[in-house]
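Please read the structure below before turning to the comments.
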Amino acid sequence: MSRILITSALPYINGIKHLGNLVGSQLPSDVYARYMRARGHEVMYICATDEHGTPAEIAAAKAGKPVAEYCAEMWQTQKAIADGFGLSFDHFGRSSSRRNHRLTQHFAARLDAAGLIREVSEKMIYSNADGRFLPDRYVEGTCPNCGYDSARGDQCENCTKQLDPTDLIDPRSAISGSTDLEVRETKHLFLCQSVLAGQLEAWIDSKTDWPLLTTSIAKKWLRDGDGLQDRGITRDLDWGIPVQKGDAPWPGMEGKVFYVWFDAPIEYIAATAEWADATGQDDGAWERWWRTDKGAGDVRYVQFMGKDNVPFHTLSFPATIIGSGEPWKLVDYIKSFNYLNYQGGQFSTSKGRGVFQDQALEILPADYWRWWLMSNVPESSDSEFTWENFQAGVNKDLADVLGNFVSRVTKFCRSRFGEQVPEGGDWTEAERMVVAGLTTRLAAYQAALDAMEMRKAAAELRAIWVEGNEYLQAAAPWAAFKTDPGRAAAVVRFALNLIRFYAVLSAPFIPHAAAQMLQALGLDAADWPEDVEAALSALPAGHGFATPDVLFAKITDEQREAWAARFAGGR
RNA sequence: GGGCCUGUAGCUCAAUUGGUCAGAGCAGAGCGCUCAUAACGCUUUGGUUGGGGGUUCAAGUCCCUCCGGGCCUACCA
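Positions 1 to 571 (the UniProt record's numbering) are the ones given, in order, by the first sequence.
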């Protein structure tokens with residue numbers, strides 16, 4: 001048994017996320033966590049909301065609520081949605097927690113003591129009407145290059161020229177539209193990542209088994225231009241973690257907070273501490289996951305994220321950890337994903353284009369989404385959601401191949417033998433062949449999941465389901481029943497055991513349906529099969545079951561068309 | 001502008017990292033079965049691997065070039 005620490009990238013707090021946010025971190029990490037638990041490993045699976053930063057403040061203002069209240073409510077909402085999708089976090093924390101405040105301030109103090117923090121004085125745009133400094137992208141104006149009138153302060157969307165907000169002609173606040181802007185001098189703390197660049201590069205180079213996507217992004221940042229740049233880790237905002245050296249004030253930094261990307265990854269650790277608090281345990285309980293001097297030496301730590309998160313997880317956060325000089329656990333493997341597009345374009349929160357997580361759960365059970373998203377997860381390149389593909393995949397895989405198998409076996413048994421596992425007959429060559437085939441398939445399935453190759457794992461699982469249909473067709477218990485009822489009984493007994501087998505193996509991907517299958521068989525739980533032959537003999541003759549309802553109703557053409565129209569845009 | 005990824009059957013993806021006639025699922029066609037959610041099984045059509053050039057005994061894989069798609073470029077997160 002090993003100990004596996006799993007973190008999913010933190011969803012940002014400013015509203016309900018669309019499916020793209022699920023597919024690249026939360027779902028694959030959940031499949032992995034469920035699988036590893038099923039294999040008997042000790043798992044700590046952590047996620048949290050990422051609550052700080054300008055967008056959170058703006059979203060709260062739009063909702064007409066104090067930001068703390070807004071975040072608390074949105075956390076509840078996101079938690080409920082995560083539960084709805086069956087995400088099995090050991091703890092779903094908040095980056096605004098007391099634990100994260102203390103830990104973030106602690107890390108800053110350690111970095112400062114190590115000489116890795118320097119003060120930088122910067123000129124920033126201040127909006128008098130908004131009463132706040134504006135990040136570059138929140139300053140709009142006319143592009144000096146092409147004349148586009150809605151260019152942003154970081155880059156002109158029209159001509160793609162990189163800009164400085166002070167370059168803009170007639171600059172205005174993107175928040176209020178106010179032109180009452182001024183340049184103000186402000187002091188910020190920078191993390192001296194450049195000092196650690198050599199260590200970081202050596203560390204990245206040692207990770208030869210990481211996805212290409214992960215290492216290529218990391219190396220790009222390490223080597224581009226003048227190499228890894230120092231990074232500002234503080235902001236002039238109200239909502240956030242106050243800049244302090246541990247418990248002590250930080251002279252000159254009064255009224256400032258840490259940058260959201262500094263405190264967000266630290267929340268992985270803090271959320272584990274929140275978990276210990278919530279379950280009434282002491283610090284040792286979470287430290288044994290995170291401190292290599294306190295028991296985390298044998299932990300394998302895996303992170304899941306979309307590609308946009310990779311620089312912060314390969315460089316900034318490791319710089320924080322390494323720079324602290326303390327024995328915190330560094331990530332062992334980073335599984336990164338590309339983007340999921342929607343019907344030929346991007347999912348768009350602002351345009352209401354695509355399916356949002358709450359809407360997804362309204363229209364279909366979680367397992368439909370889990371299955372399709374994971375069997376089409378963007379592992380090697382961006383992938384695309386279309387309603388046609390979604391309908392075809394779900395109907396064929398879940399309804400026809402798996403659901404119908406459960407249906408045909410249980411209904412046939414009920415009509416011929418009644419609702420208990422039938423007695424009589426013995427295994428023949430046919431059953432032994434299936435056991436041999438499934439043993440090979442199971443090994444491939446496990447290998448894919450061990451390697452976090454989600455598409456491959458899904459394909460193997462599907463192939464395992466198909467074996468059941470092939471077996472039934474060949475064994476034809478409906479024909480055997482007429483001449484040799486004992487043989488038919490043996491086939492049905494074997495097939496009912498296959499349902500149990502499928503429930504166990506499918507649970508990482510479709511936990512709700514798997515639970516229904518077990519429940520129909522009158523079981524609360526079932527162990528992962530270490531031996532296929534034994535697993536397929538687990539249900540004895542005489543064991544009662546209940547013929548389940550249709551496991552997966554098919555998506556009709558009418559539904560598909562209605563949804564395609566509803567989610568085309570304009571939420 | 002710079003960097004990275006990507007282009008394989010109508011669709012979605014594989015191909016042990018340079019090594020048998022480039023494979024699977026879906027869709028299409030034919031046959032079979034009748035237990036089942038008109039479900040299942042078997043067989044089968046379909047590819048000059050985006051175009052062109054090069055290296056090699058051997059290229060989907062490496063190099064050059066052109067064309068298309070995408071991402072990143074450090075204050076959105």
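The beta carbon of each residue, even a glycine, is placed where N, CA and C say it ideally should be. Being a predicted model, the structure only gives us computed values, none of them experimental.
For ASN100, tell me which candidate among ALA271, GLN78, LYS17 has the shortest Cα-Cα distance. As a first step, residue 100 must be located in the first sequence, where it is residue number 100. Checking every option, the nearest Cα to that of ASN100 belongs to ALA271.
_Proximal residues to PHE262 (C-beta, below 6 Å), its chain only, five neighbours per side dropped_ = The sequence position of residue 262 within the first sequence is 262, counting from 1. Close CB contacts of PHE262 within its chain, under the 6 Å cut and outside five residues either way in sequence, are with ILE233 (chain order).
Notebook entry, point to check: For GLU326, which of ALA114, THR7, ALA565 has the nearest alpha-carbon?
Noted result: For this step, residue 326 is matched to residue 326 along the first sequence. The shortest Cα separation from GLU326 among ALA114, THR7, ALA565 belongs to ALA114.
With DSSP run on the structure shown, which of helix, strand or coil describes GLY570?
Taking the first sequence and counting its residues from 1, the one referred to as residue 570 is at position 570. Because GLY570 sits at a pLDDT of 49, beneath the cut-off of 50, its placement in the model cannot be relied upon, and the point is left open.
Checking 8 Å against the spacing of the C-beta atoms, do ALA458 and PHE501 come in under that value?
Numbered from its first residue, the first sequence carries residue 458 at position 458. Numbered from its first residue, the first sequence carries residue 501 at position 501. No. Outside cutoff.
- Item | Touch test, the region 56-68 against the region 17-27, Cβ-Cβ under 8 Å, three pairs minimum | Because the criterion of three Cβ pairs below 8 Å is not met, the region 56-68 and the region 17-27 do not touch.
So is GLY570 buried or exposed if we call it buried at 16+ other beta carbons inside 10 Å?
-> In the first sequence, residue 570 corresponds to position 570, counting from 1. With a pLDDT of only 49 at GLY570, under 50, the local geometry of the prediction cannot be trusted, and the value read off the model is given with reservation. Classification of GLY570: exposed, given that the 10 Å Cβ count is below 16.
Continuous alpha helix (DSSP H) stretch holding CYS413: start and end: Looking up residue 413 in the first sequence gives position 413. Its alpha helix (DSSP H) spans residues 404-416.
Boundaries (first-last residue) of the beta strand (DSSP E) holding GLN303:
Working through the first sequence from its first residue, we reach residue 303 at position 303. Here the beta strand (DSSP E) through GLN303 covers 299-306.
What are the start and end residues of the beta strand (DSSP E) that includes CYS47?
In the first sequence, counting from the first residue as 1, residue 47 sits at position 47. Looking at the DSSP string, the run of the beta strand (DSSP E) that includes CYS47 is 42-49.
Self-check item: Which listed residue (GLU423, ASP557, THR440) has its alpha carbon closest to that of ALA494
Solution: Indexing the first sequence from 1 puts residue 494 at position 494. The sequence given here has Phe at residue 494, not Ala. The candidate whose alpha carbon is nearest that of PHE494 is GLU423.
How should GLN199 be labelled, buried or exposed, when 16 other C-beta atoms within 10 angstroms of its C-beta is the threshold for buried? Locating residue 199 in the first sequence gives position 199, counting from the first residue. Exposed, since its Cβ has fewer than 16 Cβ neighbours within 10 Å.
To the nearest angstrom, how far is the alpha carbon of ASP112 from that of PRO318?
Indexing the first sequence from 1 puts residue 112 at position 112. Indexing the first sequence from 1 puts residue 318 at position 318. Taking the straight line from one Cα to the other gives about 16 Å.
Between ALA197, GLY246, ARG235, ARG110, which lies nearest to ARG98 when the distance is taken from Cα to Cα?
Within the first sequence, the letter at position 98 stands for residue 98. Among ALA197, GLY246, ARG235, ARG110, the Cα nearest to that of ARG98 belongs to GLY246.
If distances are taken between C-alpha atoms only, which option among PRO477, THR483, PRO378 comes closest to ALA490? Here residue 490 refers to the residue found at position 490 when the first sequence is read from its first residue. When each option's Cα is compared against that of ALA490, the closest is PRO477.
Name the DSSP beta bridge partners of MET124, please?
-> The sequence position of residue 124 within the first sequence is 124, counting from 1. MET124 pairs with ARG184.
Contact belief for LEU181 with SER173 at Cβ below 8 Å, rounded distance in angstroms: The residue given as residue 181 occupies position 181 in the first sequence. The residue given as residue 173 occupies position 173 in the first sequence. The Cβ separation is near 7 Å, so the contact holds.
inquiry  = Three Cβ pairs or more, each shorter than 8 Å: is that satisfied between the region 286-305 and the region 66-81?
reply    = The region 286-305, when compared against the region 66-81, does not touch it at the 8 Å Cβ threshold.
message = For the pair the region 448-457 and the region 510-528, tell me if three or more CB-CB distances fall below 8 Å.
response = no
C-alpha distance - GLU254 paired with THR77, whole-angstrom precision: In the first sequence, the residue the question calls residue 254 occupies position 254. In the first sequence, the residue the question calls residue 77 occupies position 77. Distance between the alpha carbons of GLU254 and THR77 is about 33 Å.
*Can the beta-carbon of SER336 be found closer than 8 Å to that of PRO211?*
As a first step, residue 336 must be located in the first sequence, where it is residue number 336. As a first step, residue 211 must be located in the first sequence, where it is residue number 211. Contact: yes.
When you compare each of ARG94, ASN389, ASP308, ALA451 to TYR333 by their alpha carbons, which one comes out closest? Position 333 of the first sequence holds residue 333. The option with the nearest alpha carbon to TYR333 is ALA451.
Please state if the CB of GLY141 and the CB of ALA129 are separated by a distance shorter than 8 Å. By one-based count along the first sequence, residue 129 stands at place 129. By one-based count along the first sequence, residue 141 stands at place 141. Judged by their CB atoms, ALA129 and GLY141 are not nearer to each other than the 8 Å cut-off.
* To do: Just the C-alpha distance for ASP238 and VAL257, rounded to the nearest angstrom, thanks.
  => Taking the first residue of the first sequence as position 1, residue 238 is located at position 238. Taking the first residue of the first sequence as position 1, residue 257 is located at position 257. Spanning the two alpha carbons is a distance of roughly 7 Å.
For the structure I just gave you, are there three or more beta carbon pairs, one from the region 47-63 and one from the region 366-373, closer than 8 Å?
Touching, no.
What does the alpha-carbon distance come out to for the pair PHE304 and ALA546? Counting from one through the first sequence, the residue named residue 304 turns up at place 304. Counting from one through the first sequence, the residue named residue 546 turns up at place 546. Looking at the two C-alpha atoms, the distance is approximately 39 Å.
Which value, in whole angstroms, describes the spacing of the CA atoms of GLN559 and TYR35? Taking the first sequence and counting its residues from 1, the one referred to as residue 559 is at position 559. Taking the first sequence and counting its residues from 1, the one referred to as residue 35 is at position 35. Rounded to the nearest angstrom, the two C-alpha atoms are 33 Å apart.
Taking 8 Å as the threshold (C-beta atoms), are THR49 and LEU10 in contact? In the first sequence, the residue the question calls residue 10 occupies position 10. In the first sequence, the residue the question calls residue 49 occupies position 49. Against a cut-off of 8 Å, the Cβ pair of THR49 and LEU10 comes out as a contact.
> Is it true that the CB of THR214 sits closer than 8 Å to the CB of VAL310?
Replying inline: Looking up residue 310 in the first sequence gives position 310. Looking up residue 214 in the first sequence gives position 214. A contact, by the Cβ cut-off of 8 Å.
Quiz item: Closest by CA to ILE321, which one among PRO265, ILE6, VAL43?
Solution: Start at 1 with the first residue of the first sequence, and residue 321 comes out as number 321. The shortest C-alpha to C-alpha distance from ILE321 to any of PRO265, ILE6, VAL43 is the one to PRO265.
Across which residues does DSSP place VAL446 in a beta bridge pair? Against the first sequence, residue 446 aligns to sequence position 446. In the sequence on display, residue 446 carries Gln and not Val. In DSSP, GLN446 forms no bridge with anything.
- With a CB to CB cut of under 6 Å and the five nearest residues on each side skipped, what residues in its chain are close to LEU87? Locating residue 87 in the first sequence gives position 87, where the first residue counts as 1. Listed in chain order, the non-local C-beta contacts of LEU87 below 6 Å within the same chain comprise GLN26, ASP30, local neighbours out to five positions each way being set aside.
query: DSSP beta-bridge partners for TRP328?
result: Numbered from 1 along the first sequence, position 328 holds the residue referred to as residue 328. Residue pairing for TRP328: DSSP places it in a beta bridge opposite ARG291.
Legend entry - Own chain partners of ASP149 with C-beta closer than 6 Å, once the 5 adjacent residues on each side are dropped: By one-based count along the first sequence, residue 149 stands at place 149. Around ASP149: THR142.
_Let's see if you can read the secondary structure: which residues bound the beta strand (DSSP E) around ARG172?_
The count along the first sequence starts at 1 and reaches residue 172 at position 172. Run containing ARG172: 169-173, per the beta strand (DSSP E) assignment.
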